[in-house]
Every structure is written in C-alpha cells, then in structure tokens.
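Q:
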Amino acid sequence: MTEEQNNAGKNRPVVTSSERDKKVEEHIRGILEYLGEDPDREGLIGTPERIVRMWKEIFRGYDPQQKPKITVFKNGCDGIVYDDMIIDEGEFYSVCEHHMMPFFGRYWFAYIPNPNGRILGISKIGRVIDYCAAKLQIQERLVHEVVDMLAEALKDEEYPPLGIALVMKASHLCKEMRGVRKHGDMTSGCLTGAFKEDRYVRTEFLDLIKK
Ligand SMILES: [Zn+2]
C-alpha cells in the first residue's frame, strides 16, 4: 500500500507547497520510467523539478492571485473620445486539454468603445489572454473566456461597449506531431454587438485580420 492510499480516509495532513511539489516530481519519475527511461541517468537529473517549475509558470491561470487587474478609463478622460474600432494583436501560447500538448498562434482583439463608456488599458488585453491561456484549454473556450473577462471589465450599465471581437488562429502540436500529422491552423472566434450584427463592421475587422 502506498503512503497515499494509506492516508486516504484519514484527516488530510497539512501539505506545504514543497511537499506538494515533491509528490508531483515523484509522479513525473514514474512517467519517465513508463516511457522506458532511467530517471536517474545524468541527462534526466533535475527534470522532474524543472517540469514542476515550468508548470507553475505555464499553468499560472489556475491561480486566482495571478489574475490580471484590468485597468479601465473613462472614455474621453485624455481629451479624445474614442468611438472607432480599437484593435490589438499578438501571440499566445496554450496547452490543449485533450493531449496536454501546446497550441499557439496569433490573436486579434477588437472593440468599439461606447463614447460615454469605458476604454481598456491596451497592455491589459495581452495579459488577460496570457492568463486565460495558462491552463489546460480548448481554443473555442479560450476565446470565450477572454471575451467574457474583458467584457466584464468594460461593463457599464448605461453605456456598454458597442461590440467586442476576438479571433485566434493556432497550430496544435497534437494534430501536427501525431494522429493525422497535418499542418493547418485552426481558427476560432467570438463576436459580440456590432461585430455580430453589423456586416460592415464585421467585414472591416475580418479584412484587417487578413492583412
Ligand atoms: Zn489536443
């Protein structure tokens, strides 16, 4: 009987962070053995510890303490009232929940502020994307989580944003390294407000993405 099974049903012992880490490092050693490796050979010394340290970074999306604070401003506070599409684009990295393999690519985020509503601090968009991507994900849910979090920050009972849009395009290593072994990006999107209802707004946004 393992220590773990032995403890099952008893009062849970107080587990410090490093005890938790050591337990997982033991599991990773087991996985290395399962793969046919000798976890004690020179090249693998420290690998379980390195993986645990890396996971803390790439899976920080499970830690509510690391949720980014989203700064919003009153539209017009700097003397300019924004009522056009504001676009941010960049890269993102995530891990697919079906195979625990990376998927990564580019995102395009756009919104149309309400002239009387709020505007986002532009650097916050990338931070929200990184946070939502830093856990086991599927691309379809990722776009919705990001839009929900940014919509919540822009929420204003009286003057909501006129529309929010996010498109993500990514390569999935679980598709490219195994199984069908086919290249080909997957695109997923979430469009709200004017981006959904107004064909001209949608076309303007999608044309900008194609460039
Ligand atoms: Zn997958």
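Be aware that the sequence shown starts at -9, since it is given in the working numbering, and climbs by one per residue. We put the beta carbon where it would ideally sit given N, CA and C, even for glycine. Small disclaimer: the values here were computed from a predicted structure and weren't measured.
#1: According to DSSP, which residues form a beta bridge with Ala160?
#2: Helix, strand or coil for Gly183, going by three-state DSSP, please let me know.
#3: Does the Cβ of Ile21 have 16 or more other Cβ atoms within 10 Å, making it buried, or fewer, making it exposed?
#4: Rounded to the nearest angstrom, how far is the Cβ of Met158 from that of Val133, given a contact under 8 angstroms?
#5: Does ligand 1 have even one heavy atom less than 8 angstroms from the beta-carbon of Lys46?
#6: Please determine, among Arg168, Tyr149, Gly26 and Tyr121, the residue with the shortest C-alpha to C-alpha distance to Val136.
#7: Could you have a look at Thr(-8) and say whether DSSP puts it in helix, strand or coil?
#8: Consider the C-beta atom of Lys165 and the heavy atoms of ligand 1; say whether any pair is separated by less than 8 angstroms.
#9: Going by C-alpha to C-alpha distance, which of His89, Pro54, Glu81 and Gly107 sits closest to Gly66?
#10: Taking just the CA atoms, how far does Leu144 sit from Ile70?
#11: Would you mind listing the beta strand (DSSP E) stretches within the region 32 to 73 that are 3+ residues and don't spill past its ends, in chain order?
#12: Please tell me whether, using a cut-off of 8 angstroms, the distance from the CB of Met176 to the nearest non-hydrogen atom of ligand 1 is below it.
#13: Is Val170 buried or exposed, if buried means 16 or more other CB atoms sit within 10 Å of its CB?
#14: Which residues in the same chain have their Cβ closer than 7 angstroms to the Cβ of Tyr83, if we skip the five residues on either side of it in sequence?
A: Judging by the given coordinates:
#1: DSSP output for Ala160 lists Gly95 and Met176 as bridge partner(s).
#2: Note: Gly183 maps to coil in three-state DSSP.
#3: Classification of Ile21: exposed, given that the 10 Å Cβ count is below 16.
#4: Confirmed, Cβ separation roughly 5 angstroms.
#5: Because no heavy atom of ligand 1 lies under 8 angstroms away, the Cβ of Lys46 does not count as near it: no.
#6: It is Tyr121.
#7: At Thr(-8) the pLDDT is 46, less than 50, meaning the model places this residue with poor confidence; the figure from the coordinates comes in the next sentence. Annotated three-state conformation of Thr(-8) is coil, per DSSP.
#8: Taken from the Cβ of Lys165, at least one heavy atom of ligand 1 lies inside 8 angstroms.
#9: Taking only the C-alpha atoms, the option nearest Gly66 is Gly107.
#10: Distance between the alpha carbons of Ile70 and Leu144: 18 angstroms.
#11: 62 to 64, all fully within the region 32 to 73.
#12: No, the beta carbon of Met176 sits no closer than 8 angstroms to any heavy atom of ligand 1.
#13: In summary, Val170 is exposed, with fewer than 16 beta-carbon neighbours lying within 10 Å of its beta-carbon over all protein chains present.
#14: Pro92, Phe94 and Ala123, listed in sequence order.
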